[in-house]
Amino acid sequence: MMNYIFWGGKAIGNYVLNGLIENGYVPKGIILYKDIIDQELIKKADSLNIKVLKIHSFHKQQDDLELFIIKLNVDLFISVAFPFILPSRILKLVKYPINIHTGAIPKYRGHHPLSAALLNDEPYQATTVHFMTEEVDAGDILLQDFVPIKNEDSILTIRQKLIELSLNLILTVLKQLKNGTLYPKKQIGEIIWAPKRNPEDSRVDFTKTSRYLHNFIRALVDPYPNAFAFKKGDKIVKFKKSITSNKPGVVLADLGQNHYIISTSDGIVYVETDAKLIVGEELQ
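When the letters of the sequence shown are read in order and numbered with numbering that gives the first Met the number 0, they come out as residues 0 to 283.
#1: Look up I54 in the DSSP assignment and say whether it is helix, strand or coil.
#2: Considering T171, what are the terminal residues of the alpha helix (DSSP H) in which it resides?
#3: So, V249 versus Y259, is the Cβ gap smaller than 8 Å?
#4: Who does R210 pair with in a DSSP beta bridge?
#5: DSSP three-state label for V128, please.
#6: Identify whether K239 lies in helix, strand or coil by the three-state DSSP scheme.
#7: If you count every other CB in all the chains shown that lies within 10 Å of the CB of A254, and 16 or more means buried, which is it?
#8: If you follow the alpha helix (DSSP H) that G8 is in, where does it begin and where does it stop?
#9: Measure the beta-carbon distance from I285 to V25 and round it to whole angstroms, keeping in mind my assumption that it falls under 8 Å.
#10: How is E65 classed by DSSP in three states: helix, strand or coil?
#11: Rounded to a whole number of angstroms, what is the C-alpha to C-alpha distance between L164 and L141?
#12: Kindly list the residues whose CB is nearer than 7 Å to the CB of I235, restricted to its own chain and excluding five residues on each side of it in sequence; keep chain order.
#13: Residues bridged to E281 by DSSP?
#14: On the criterion of 16 or more Cβ atoms from any shown chain inside 10 Å, does K174 qualify as buried, or is it exposed?
#15: Compare the beta carbon distance of A137 and A193 with 8 Å and say whether it is the shorter of the two.
#16: By a C-beta neighbour count over all protein chains shown, 10 Å radius and 16 as the cutoff for buried, is R88 buried or exposed?
#17: Taking the alpha-carbon positions, what's the S209 to I104 distance?
#18: Taking all protein chains shown into account, do 16 or more other C-beta atoms lie within 10 angstroms of the C-beta of V15, making it buried, or fewer, making it exposed?
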């Protein structure tokens, strides 16, 4: 049994924590920040007699954090989607401060690795389990694995793949830690940042290529701030979904009355035909 404190929340944090508990890794404490406090998670903690600390001002409650951690006497942190970098005075309280990041670090360190991967048309995205340092996503890598980004994926489907992968990886890391077979590796390669996005960054630029716009829209589907443009009179138009293909000759849309949209090598073509075509089929 490992003594650890769990930091985090949101969908990925809840999924990982529930999976850890189901596999016998019950934390001694949970630390939640005000923006990611989940009542269901708190109820579960109460039922298992897990101590919970709710942080409302991270920088002003350092003493509270330190006291909470010292009292629980743990040797491990597991952080998932916690929105702050832990300072040295907190990190040094445990032997193994571990974070789960949904990016292929050193590529896509930072706030929004999933949208960054989509916007850059990456074929894969990763979950990385790594040691925490005072630098953002800069610690040694403990385990990293990738999932493919398919043409029909959106940020939501990729996120779900990475959520499931995150649990599998942290369970493997914990087993390696227990068995003495955990071998941290230095990060190698170019550092690429996935910066925090602002609402105005979601405006569509129709001078970009069709491929770029497809990636842009699917990186910003609900519940994220949607890609948008303006109609005449400053009326906002939000885009919920985009369909395109990497291959030419794929039927993308049936517009009715024998009208279809078909992908080409550099975009799309609007056609009329007496033949019945099916969306998704590939024409030779």
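C-beta: ideal position from N, C-alpha, C; glycine also. Quick caveat: nothing in here was measured; it's all calculated off a predicted structure.
Judging by the given coordinates:
#1: strand
#2: 154 to 178
#3: no
#4: Per DSSP, none; premise fails for R210.
#5: strand
#6: coil
#7: Here residue 254 turns out to be Leu, not Ala, going by the sequence shown. Burial call: exposed.
#8: G8 -> no alpha helix (DSSP H), and no H or E assigned at all.
#9: No statement about residue 285 is possible, as the shown extent of the chain runs from 0 to 283 and does not include it.
#10: helix
#11: 14 Å
#12: F227, F229
#13: V249
#14: exposed
#15: no
#16: exposed
#17: 28 Å
#18: buried
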